[in-house]
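*Asks:* Residue numbering for the sequence shown is 20 to 491, as defined by the numbering used here.
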Amino acid sequence: MSDETSWVSEETSEPRWRVVGGYVVLAVVPAVVSVVLLGRLRGGPVHQTEPVPHVAVAVPVYQALFGIALIMAGSHAMGALLAALRQPRVIGEIAAGLLLGPSVLGVVAPGLLHALWTSDMIAFLSLLAQLGVVFFMFLVGRDTPFSLLRNGAVRALVSGHATIALPFLSGVVIASTMLAGYRQQTVSPLAFVMFCGIGLSITAFPVLARILSDRGLRDTRVGVLGMATAGVADVSGWCVLALIVAIARGNSTVDALRTVGLTVCFAAAMWWLVRPALARLSDRAGDSRGWLTIVMMTVLLCSAAITQAIGVQAIFGAFLAGVIAPRSRSVTEFAYRLEGPTTWFLMPLFFAVTGIQVSLGTLGSGANWLVIVVLVAVAMAAKLVAGAASARVTGMDGRSSLGLGVMMTCRGMTELIVLQLGLSLGIISGDLYVMLLVMALVTTALTGPLLGYLLPRSRETAALHAPVHTGQ
C-alpha cells in the first residue's frame, strides 16, 4: 500500500470516543432529525409527464450543424477564459449557454434566438446531451477512489457522511420554510423537501479533482483526504437521490418500495455477477482490446437502459457500470477513449443547452435574489461546518480542516446534472431551478480562491501540505 493511501487509512491519533462522538453529532444526529422531519410530510408521486427527448427529424442538417458549431465555439472559448482565471471550465460553458439563450441573446436579438433554438432543435441537442451525461456518469463511477475507501479511511468516512447529513438537514429545513412557496401543487411535499436536501448536499468529485490538481494540492495529505471524502459523499449522495427519484415517480408507497427493491437487486447482480465476469474478460483480453471495448459499451448502455426502465433514471445505471468496471489497463484505455468526446463535445452541449433554456430575467423581484443569497450562505456554511468540524475531531489542524470544508462546497457539474434531473421530473419549478443553478455556480467559483487563501503553496506550508511520495 502506498504512503498516500496509508496516510488516509491510518488510525487517527485522536481518542476513539472523540471520533465516534463527532460522527454521531455531525452525521447520525442530522440524519435522524432529517428522517423525523420527513416523516411528517405527505408522500406521493409527482403528477406530471416527464419530457422524453426525441429525435427531431424536422431539424435541417445545416441548422443542426451550425447550432452545434456555435455551441462548441462559444463553450470552449468561455471555458478557456474561465480556466485562465483559474476557475472550472464548466462555469464558462454554462455562461456560453446563458449568452446564447434568452438571458442575453433573447434580449439583444429575440428573432435570432427563436430562429436558432427551435423546440425541435432543443430536443435534438438534449438527446445528445443526455447521452453525454450517461457517459460522464460512467466515468465518475469509475474514477471514484475506492482504493482509498477500502483501506478503512476513518477520516474520509466521518467527513464524507457528515458533509452529506448536515447539509441535507439544512436543505430540508430551508425547503420546509423559505422555499415552501416555490413548491408546485402537483409535487408531493416529501419529494420536494428531500430533493432540496440533496441539492444542498452534492459535492462534485470530478471538478474538485481538477481544482486540486490545478492548485498543486491533489497529491498533498489534505488533498488526498479531500478526494477520499468527496468519494464517500458522492456514493452516499447518489444512493439518496435514487431513493428520491423512486419516491417521486411511484404512484404509491408500494410502487416506490418496488422500485427501490428492483434497484437493489439490479445493483447486487451487477456487483456479484457482472463485475467478476468483466474482470475475467479483462484479464483474458491481452492485446485484443477491440471486443472488450464493445463489451464495456454494451454493459454501460444496457445498465443505463435497465435503471431507466426500473424508474430511477439512466444516470444511476451508468454510474453503477463505472463502479463495477475493472481497473485494468484495457478498460482504462476504453475509459480514456470515451472521456475525450464526452468532455469536449457532449458535455459542453449539455451545459450549453442548460444555459439556453434558462432565463435569469424570470427571477425578476429582489425577493428571489434574496433567496439566492440565503441559499448560497446556507450551502457554504453547512458544508464548511460539517467538513471542518469532522476533520477536527479526527485530528487535523484548524487550517487544513477549513480547507477540507471548502473542498466539499464544490458542486460543479454533478450538481447541474442533479438539478436537471429534478426539473425534468417536475420536482422543482423553473424559477427554483434557476436559483439553485446560480447557487451551484457561485459556490463552485468560490472553491478555488478560498482554497488558495487557506492552503497556499508556499514555503511556510510546504511541510504541512507536502506531496505524499509513493516511491515511484
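Glycine included, each C-beta is placed from N, C-alpha and C at the ideal position.
#1: Could you give the residue range of the alpha helix (DSSP H) that holds Thr351?
#2: Below 8 angstroms on the Cβ atoms is my contact criterion, and I expect Val397 with Ile193 to pass it. Report the Cβ-Cβ distance as a whole number of Å.
#3: Is the distance from the Cβ of Ala408 to the Cβ of Leu45 below 8 angstroms?
#4: Can you have a look at Val43 and say buried or exposed, based on whether 16 or more other CB atoms are within 10 angstroms of its CB?
#5: How many Å lie between Leu117 and Phe369 at the Cα?
#6: Please go through the stretch 150-219 and give each complete alpha helix (DSSP H) segment of 4 or more residues, from N-terminal end onward.
#7: In angstroms, rounded to a whole number, what distance separates the CA positions of Tyr201 and Arg35?
#8: Measuring alpha carbon to alpha carbon, tell me which of Ala265, Arg234, Ala228 and Cys258 ends up nearest Ala247.
#9: Counting C-beta neighbours from all protein chains within 10 Å, is the total for Glu69 16 or more, i.e. buried, or is it exposed?
#10: Just to check my reading of the structure: Val437 and Leu260 have Cβ atoms closer than 8 angstroms, yes? What is that Cβ distance to the nearest angstrom?
#11: Considering only the beta carbon of each residue, do Pro186 and Ala344 sit closer than 8 angstroms?
#12: Kindly list the residues whose CB is nearer than 6 angstroms to the CB of Glu112, restricted to its own chain and excluding five residues on each side of it in sequence; keep chain order.
#13: Which partner residues of Thr413 appear in the DSSP bridge assignment?
#14: Looking at the secondary structure, which residues open and close the alpha helix (DSSP H) in which Thr222 lies?
#15: Would you tell me roughly how many angstroms separate the C-alpha atoms of Gly449 and Val212, rounded to the nearest one?
#16: Just to confirm the assignment, what range does the alpha helix (DSSP H) spanning Arg294 have?
#17: Measuring alpha carbon to alpha carbon, tell me which residue in Leu423, Ile110, Asp416 and Trp388 is nearest Leu435.
#18: Could you check if Ser384 is buried or exposed, using at least 16 other CB atoms within 10 Å of its CB as the buried criterion?
#19: Report the rounded CA-to-CA distance for Ser25 versus Glu358, giving the unit in angstroms.
#20: Once the 5 residues before and after Arg105 are set aside, which same chain residues still bring their CB inside 6 angstroms of it?
#21: Within a Cβ cutoff of 6 angstroms, which residues of the same chain sit near Ser347, ignoring the five residues on either side of it in sequence?
#22: Is it buried or exposed for Gly309, if we count other Cβ within 10 angstroms and need 16 for buried?
#23: Comparing alpha-carbon positions, which option in Ala267, Ala459 and Pro295 lies nearest Ala114?
#24: Measuring alpha carbon to alpha carbon, tell me which of Pro121, Ala88, Ala142 and Asp139 ends up nearest Leu132.
#25: I'd like the span of the alpha helix (DSSP H) that includes Phe285, first residue to last.
#26: Beta carbon of Ser349, beta carbon of Gly125: below 8 angstroms?
#27: Using a Cβ distance threshold of 8 angstroms, determine whether the stretch 145-157 contacts the stretch 409-428, with at least three qualifying pairs required.
#28: Could you give the first and the last residue of the continuous alpha helix (DSSP H) run that contains Met432?
#29: Do Gly341 and Ile325 have their C-beta atoms closer together than 8 angstroms?
#30: Ile325 lies in the alpha helix (DSSP H); which residues open and close that run?
#31: Quick one: what's got a C-beta closer than 7 angstroms to Val39's C-beta in the same chain, skipping five residues either side?
#32: On a Cα-Cα basis, can you pick out the residue from Val191, Met140 and Gly471 that is closest to Val55?
#33: Within this structure, are the beta carbons of Thr222 and Cys429 separated by less than 8 angstroms?
#34: Measure the alpha-carbon distance for Leu119 versus Gly374 and round it to whole angstroms.
#35: Helix, strand or coil, according to DSSP, for Thr428 in the structure here?
#36: In three-state DSSP terms, what is Gly120?
*Replies:* Reading from the atomic positions:
#1: In the sequence shown, the residue the question calls residue 351 occupies position 332. Its alpha helix (DSSP H) spans residues Arg348 to Pro360.
#2: Here residue 397 refers to the residue found at position 378 of the sequence shown. Here residue 193 refers to the residue found at position 174 of the sequence shown. Between the beta-carbon of Val397 and that of Ile193 there is about 6 angstroms, and that keeps the pair under the 8 angstroms contact cut.
#3: Here residue 408 corresponds to residue number 389 of the sequence shown, with the count starting at 1. Here residue 45 corresponds to residue number 26 of the sequence shown, with the count starting at 1. In contact: Ala408 and Leu45 (Cβ atoms closer than 8 angstroms).
#4: Working through the sequence shown from its first residue, we reach residue 43 at position 24. Looking at its Cβ environment, which holds fewer than 16 other Cβ atoms inside 10 Å, Val43 is exposed.
#5: The residue given as residue 117 occupies position 98 in the sequence shown. The residue given as residue 369 occupies position 350 in the sequence shown. So the two alpha carbons sit approximately 12 angstroms from each other.
#6: For the stretch 150-219, whole alpha helix (DSSP H) runs of length 4 or above, ordered along the chain, are 165-168, 173-195 and 208-218.
#7: Counting from one through the sequence shown, the residue named residue 201 turns up at place 182. Counting from one through the sequence shown, the residue named residue 35 turns up at place 16. Cα to Cα, the separation comes out at about 44 angstroms.
#8: The residue labelled residue 247 in the question sits at position 228 within the sequence shown. Closest by C-alpha distance to Ala247, out of Ala265, Arg234, Ala228 and Cys258, is Ala228.
#9: For the purposes of this step, residue 69 is taken as residue 50 along the sequence shown, with counting starting at 1. A caution first: Glu69 carries a pLDDT of 46, below 50, which makes its placement in the model too unreliable to give a value.
#10: For the purposes of this step, residue 437 is taken as the residue at position 418 of the sequence shown. For the purposes of this step, residue 260 is taken as the residue at position 241 of the sequence shown. Taking a contact as a CB-CB distance under 8 angstroms, the pair Val437 and Leu260 counts as one, their CB atoms being some 6 angstroms apart.
#11: What you label residue 186 is simply residue 167 of the sequence shown in a count that begins at 1. What you label residue 344 is simply residue 325 of the sequence shown in a count that begins at 1. Taking 8 angstroms as the cut-off, the Cβ atoms of Pro186 and Ala344 do not count as close.
#12: Looking up residue 112 in the sequence shown gives position 93. So the list reads Ser94, Gly98, Pro367 and Phe370, once near-sequence residues are dropped.
#13: In the sequence shown, counting from the first residue as 1, residue 413 sits at position 394. Paired residues: none, contrary to the question.
#14: Indexing the sequence shown from 1 puts residue 222 at position 203. Premise fails: Thr222 is in no alpha helix (DSSP H) and is neither H nor E.
#15: Your numbering for residue 449 matches position 430 in the sequence shown. Your numbering for residue 212 matches position 193 in the sequence shown. Whole-angstrom Cα-Cα distance: 16 angstroms.
#16: To locate residue 294, count along the sequence shown from 1; it is residue 275. Segment Arg294 to Ala304, the alpha helix (DSSP H) holding Arg294.
#17: Against the sequence shown, residue 435 aligns to sequence position 416. Checked all of Leu423, Ile110, Asp416 and Trp388; the closest Cα to Leu435 is Ile110.
#18: For the purposes of this step, residue 384 is taken as residue 365 along the sequence shown, with counting starting at 1. The Cβ neighbour count for Ser384, taken over all protein chains shown within 10 Å, is under 16; the residue is labelled exposed.
#19: What you label residue 25 is simply residue 6 of the sequence shown in a count that begins at 1. What you label residue 358 is simply residue 339 of the sequence shown in a count that begins at 1. Unreliable positioning characterises Ser25 in this predicted model, as indicated by a pLDDT of 46, which lies under 50. A coordinate reading is not provided.
#20: For this step, residue 105 is matched to residue 86 along the sequence shown. Cβ neighbours of Arg105 beyond the five flanking positions: Gly467.
#21: To locate residue 347, count along the sequence shown from 1; it is residue 328. Result list for Ser347: Ser301, in chain order.
#22: Taking the first residue of the sequence shown as position 1, residue 309 is located at position 290. Gly309 is exposed by the Cβ-count criterion.
#23: Residue mapping note: residue 114 aligns to position 95 of the sequence shown, counting from 1. Scanning Ala267, Ala459 and Pro295 for the CA closest to the CA of Ala114 turns up Ala459.
#24: One-based indexing of the sequence shown puts residue 132 at position 113. If you compare the alpha carbons of Pro121, Ala88, Ala142 and Asp139 with that of Leu132, the shortest gap goes to Pro121.
#25: Position 266 of the sequence shown holds residue 285. Segment Thr272 to Ala288, the alpha helix (DSSP H) holding Phe285.
#26: Counting from one through the sequence shown, the residue named residue 349 turns up at place 330. Counting from one through the sequence shown, the residue named residue 125 turns up at place 106. Going by C-beta atoms, Ser349 is not nearer than 8 angstroms to Gly125.
#27: By the C-beta criterion, the stretch 145-157 is judged not to be in contact with the stretch 409-428, since fewer than 3 inter-stretch pairs fall below 8 angstroms.
#28: What you label residue 432 is simply residue 413 of the sequence shown in a count that begins at 1. In the DSSP annotation of this structure, the continuous segment of the alpha helix (DSSP H) that includes Met432 starts and ends at Gly431 to Ser443.
#29: Position 322 of the sequence shown holds residue 341. Position 306 of the sequence shown holds residue 325. No; because the gap between Cβ atoms is not below 8 angstroms, this pair is not in contact.
#30: Reading the sequence shown from its first residue, position 306 is the one you call residue 325. Per DSSP, Ile325 belongs to the alpha helix (DSSP H) from Gly309 to Ile329.
#31: Taking the sequence shown and counting its residues from 1, the one referred to as residue 39 is at position 20. Nothing meets the Cβ criterion.
#32: To locate residue 55, count along the sequence shown from 1; it is residue 36. The residue from Val191, Met140 and Gly471 with its alpha-carbon nearest to that of Val55 is Val191.
#33: Looking up residue 222 in the sequence shown gives position 203. Looking up residue 429 in the sequence shown gives position 410. Pairing Thr222 with Cys429 gives a Cβ-Cβ distance under 8 angstroms.
#34: Position 100 of the sequence shown, counted from the start, is the residue given in the question as residue 119. Position 355 of the sequence shown, counted from the start, is the residue given in the question as residue 374. Between Leu119 and Gly374, the C-alpha separation is close to 8 angstroms.
#35: Position 409 of the sequence shown, counted from the start, is the residue given in the question as residue 428. Reduced to three states, the DSSP call for Thr428 is coil.
#36: Taking the first residue of the sequence shown as position 1, residue 120 is located at position 101. Looking at Gly120 - three-state DSSP - the assignment turns out to be coil, as it is neither helix nor strand.
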